[in-house]
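Data first, discussion second: the structure below is written as structure tokens.
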Amino acid sequence: MVSFQRKKGFQELKSVSEALELVMRVCGSKNLGCERVSSKESCCRVLENDVVSKIDVPPYDRAAVDGFALRSCETFSAGPSNPAFFKLKGTIEAGSHAGEIGEGECYEVYTGAPIPKGADAVVMLEDCEVERDYVKVKRSAPKFANISLKGEDIRAGEVVIRRGEFLRPWHIGVLASIGEESVIVRRKPRVAVFSTGEELTEVDVARMVSGKIIDSTRPMVVGALREIGCEVVDRGILPDDFDRISAELMELSKGADLIVTIGGTSMGGKDLLPEILKTRFSLIFHGLAVKPGKPTGFGVVEGVPVLMLPGYPVSALVGFESLAVPLLYAWAGRKPPKREKVRAIMTRSVASTPGVRHFLRVTLVRREDGLFADPIALTGSGLLSSITKADGLVIIKEDLEGLEEGSEVEVELLRGDY
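Just so you know, we're using the working numbering here: the sequence shown kicks off at 697 and counts up by one.
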């Protein structure tokens, strides 16, 4: 096992913007490639090519309501006191043969049924009366009344979904409507994740050993990656072993687009990852000017980017959202979604360090005199419950020296409607 002397303190802290610029410069333009998937399975994927419809939608003129299909010109003067009479030839249902009408004839049609040849309007059921084999029409109908015309929704040859579109459920419906069974989408990023630390154990309370800590940060990060749409390779917990971690990084670099490590990034004797990247691979930076989240780092192993996140949950979340989220969305050709923001009044003063971006968790309280932001955790990067209790985040920028009680701030909502 390799031994070494750790330096005291972080050599240089990068601002969020500086760190993100470095990350993007190293790997932001990565091309993930593409794959063909079933249209039914394409929701929440990014479309690689334009989708052009091969058919008209609807594929034929069809009834938009239940009623009677007839010639509009024969209803010109029809009204309650002067109804028009039509010979009823039969009924056409959706999916059945259209049929044909002549002068003074009609078909009963159901919504979605094909319009019979010779008809150019549908009179609604409630505007008619049926008397044996005849229909009494009590309202005139203009040409094409209550008819969905062929190609009214989509024309053959029309681009229905553009390249780069993030496919939503309604897009899947459109693909089905034009008979597109499969589409080409961008490949999901393959992200490998592991934690380091002798003190960590998996989620198994029944087998908890004194002195062990359940690894809650890794499941959180894995969930965040899957929420974005990544394919995750969860490698579990590794011991604090220089050679073992080095070998794992080397192995994961063969198949991953991104490696995310959790823990082992601070300045203690067992915080090995920065030194491993520095001595065996490539360390780009170590130390982020944020609170919490300072021990965040970034490097490269055999051409594969490695994001080093702190072990504490909230610190890891800050590093992940600051660097991983923009990177992964860039690979997908998308912009990260912006959280809804509200204005609120600080309930008390909060200090911050100049040159460091602070992420303040707050709860929101609405009173008669306005909306108020109440800090729930001024410190404690390991307090995961502070995120679940928080309604939003107040980001204290690097050029500020804290926030005064009574000052108005911008809150990024984590949940709720305010």
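Backbone N, C-alpha and C fix where the C-beta goes; we use that ideal spot for every residue, glycine too. Given the structure is predicted, the values throughout are model-derived calculations rather than measurements.
Applying the 10 Å Cβ sphere with the 16-neighbour rule, what's the burial state of residue i?
| i | result |
| --- | --- |
| R1057 | buried |
| S906 | exposed |
| D829 | exposed |
| Y756 | exposed |
| A1012 | buried |
| C739 | exposed |
| R1111 | exposed |
| S975 | For clarity, residue 975 is Thr in the given sequence; the question names Ser instead. By the neighbour-count rule (16 or more Cβ atoms within 10 Å), T975 is not buried but exposed. |
| L866 | It is worth fixing the name first, because residue 866 is Trp in this sequence and not Leu. Its Cβ having fewer than 16 others within 10 Å, W866 is exposed. |
| C769 | exposed |
| S749 | buried |
| V698 | The pLDDT assigned to V698 is 40, lower than 50, so where the model puts this residue is not dependable; a value taken from the coordinates is nonetheless given after this. With fewer than 16 other Cβ atoms within 10 Å, it is exposed. |
| I910 | exposed |
| P935 | exposed |
| A1028 | buried |
| T787 | exposed |
| H793 | exposed |
| R1053 | buried |
| N842 | buried |
| P776 | exposed |
| A947 | Checking the sequence shown, residue 947 turns out to be Glu, not Ala. When all chains shown are included, E947 counts as exposed. |
| T1084 | exposed |
Could you please give the first and the last residue of the uninterrupted beta strand (DSSP E) stretch that includes residue i?
| i | result |
| --- | --- |
| K1037 | 1037-1042 |
| C723 | Here C723 belongs to no beta strand (DSSP E); instead the alpha helix (DSSP H) covers 712-723. |
| G786 | 780-788 |
| G1088 | 1088-1092 |
| G763 | 763-766 |
| V905 | From DSSP, V905 is part of no beta strand (DSSP E); its letter is neither H nor E. |
| T1049 | Neither: T1049 is in no beta strand (DSSP E) and is coded neither H nor E. |
| T961 | Taken as a continuous stretch (DSSP letters only), T961 belongs to no beta strand (DSSP E), as it is neither H nor E. |
| E1108 | 1104-1109 |
Could you tell me which residues DSSP puts in a beta bridge with residue i?
| i | result |
| --- | --- |
| T892 | L934 |
| I732 | With the sequence shown as reference, residue 732 is identified as Arg, and Ile is not the correct amino acid for it. BP columns for R732 point to I880. |
| E947 | Paired residue(s): none; E947 is not in a bridge. |
| T897 | I910 |
| G993 | H982, M1004 |
| G1066 | R1063 |
| P755 | Beta-bridge pairing links P755 to no other residue. |
| G775 | N778 |
| V855 | V748 |
| L1056 | V1090 |
| P1071 | V1058 |
| L1099 | V1046 |
| I955 | A888, V1002 |
| K987 | H1054 |
| L743 | V881 |
| E927 | R886 |
How far does the alpha helix (DSSP H) with residue i in it extend, from its first residue to its last?
| i | result |
| --- | --- |
| R976 | 969-976 |
| V917 | 913-924 |
| T1084 | 1081-1085 |
| A1026 | 1021-1027 |
| L1013 | 1009-1015 |
| V870 | 865-873 |
The ligand SAH heavy atoms versus the CB of residue i: any closer than 6 angstroms?
| i | result |
| --- | --- |
| A852 | The ligand SAH is not part of this structure, which contains no ligands at all. |
Is residue i close to chain C, meaning its C-beta is less than 7 angstroms from at least one C-beta of that chain?
| i | result |
| --- | --- |
| V881 | No chain C appears in the structure shown, which is made up of a single protein chain. |
### Task
Write down every uninterrupted run of the beta strand (DSSP E) in the stretch 791-852 whose length is 3 residues or greater and which is fully enclosed by it, in chain order.
801-805, 817-820, 824-827, 830-833
### Query
Are there three or more Cβ pairs, one per stretch, closer than 8 angstroms when the stretch 1000-1008 is compared with the stretch 1042-1050?
no
### At least three beta-carbon pairs within less than 8 angstroms, the stretch 928-939 to the stretch 885-896
yes
### Query
Just checking, does the stretch 810-821 make contact with the stretch 710-730 on the three C-beta pairs under 8 angstroms criterion?
no
### Message
Between the stretch 848-859 and the stretch 729-739, can you find at least three pairs of beta-carbon atoms closer than 8 angstroms?
### Response
The stretch 848-859 and the stretch 729-739 do not touch, with fewer than three beta-carbon pairs separated by less than 8 angstroms.
### Task
Indicate whether the contact test is met: 3 or more Cβ pairs, each with one atom in the stretch 756-767 and one in the stretch 816-824, closer than 8 angstroms.
yes
### Task
Specify whether the stretch 1057-1068 and the stretch 1032-1041 touch according to this definition: at least 3 beta carbon pairs, one from each stretch, less than 8 angstroms apart.
yes
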